[in-house]
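Count along the sequence shown from 1, add 1244, and you get the number used in the numbering used here.
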Amino acid sequence: MISNLAATGGFTSNVFLVEGERVVLIDPGNGFDVVSEIESRVETIDAVILTHTHPDHIGNLDAIIEAFDVEVWGFDPEYPGVDHAIDDGQEIRIGDYEYVSLHTPGHKDDHLCFYAREPGVLFAGDLVFENGGFGRTDLEEGNRERLVASIEYLVETVDGLDVFYAGHGALVTDDPIGTIEAAGRMARTV
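Given below as structure tokens:
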């Protein structure tokens, strides 16, 4: 089961709690009591996985570590709070499924997406959004050419996609591959 714990409003990202064999929090968000949200659903979590380290995605990280004494996985193990590196192409258990990590820079150098062929799920972070939206490239480490290349990498890698969960906004169930392709077209032309 995948739940979005994010508080509405404020400067935060979506925060996904994935229950199952390995209970994982994807991006702790920022500026709300995510610990209480987690505790209302599960007793503990097994890992925190970061799509990237922008403040709106990791502001609650210290509170999560303190409350659950949990290890954190992300692309850059040199980043404070990240205990384990995740490499491009590495498989990592999230809930009941093995997800492959995809290094997708352009929005931020340490950006990762996570894809599981079975059950056809993608956690897209801030790479792509509903309605063909795509991540900002005007922030530090942002680069439009790298973002376009990352979207192309995503399109080439994922198949059988039923849903993607973006770092902001709604989940995408209606033609998720087409939505990712539209984001690539928009990123090349805007």
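Virtual Cβ for every residue (Gly too), placed ideally from N, Cα, C.
If we ignore side chains and look at the alpha-carbon of each, how far apart do residue i and residue j end up?
{"i": "A1393", "j": "D1370", "result": "14 Å"}
{"i": "D1406", "j": "D1419", "result": "8 Å"}
{"i": "I1282", "j": "P1299", "result": "20 Å"}
{"i": "L1249", "j": "E1335", "result": "25 Å"}
{"i": "V1437", "j": "I1308", "result": "Since the first residue of the chain shown is 1245 and the last is 1434, residue 1437 is not available in this structure."}
{"i": "V1434", "j": "N1387", "result": "13 Å"}
{"i": "N1375", "j": "R1429", "result": "12 Å"}
{"i": "H1355", "j": "V1402", "result": "17 Å"}
{"i": "G1379", "j": "F1255", "result": "15 Å"}
{"i": "E1287", "j": "E1385", "result": "37 Å"}
{"i": "I1246", "j": "R1285", "result": "11 Å"}
In three-state DSSP terms, what is residue i?
{"i": "Y1397", "result": "helix"}
{"i": "V1344", "result": "strand"}
{"i": "L1391", "result": "helix"}
{"i": "G1264", "result": "coil"}
{"i": "E1328", "result": "First, the residue type needs correcting, since residue 1328 is His and not Glu in the sequence shown. Strand at H1328."}
{"i": "A1410", "result": "strand"}
{"i": "E1362", "result": "coil"}
{"i": "S1280", "result": "helix"}
Could you check where the alpha helix (DSSP H) with residue i kicks off and where it finishes?
{"i": "L1305", "result": "L1305 to F1312"}
{"i": "G1350", "result": "Unbroken run through G1350: none, as it is neither H nor E."}
Take the Cβ of residue i as the centre, count every other Cβ of all protein chains shown within 10 Å, and call the residue buried at 16 or more, exposed below.
{"i": "L1398", "result": "buried"}
{"i": "T1295", "result": "buried"}
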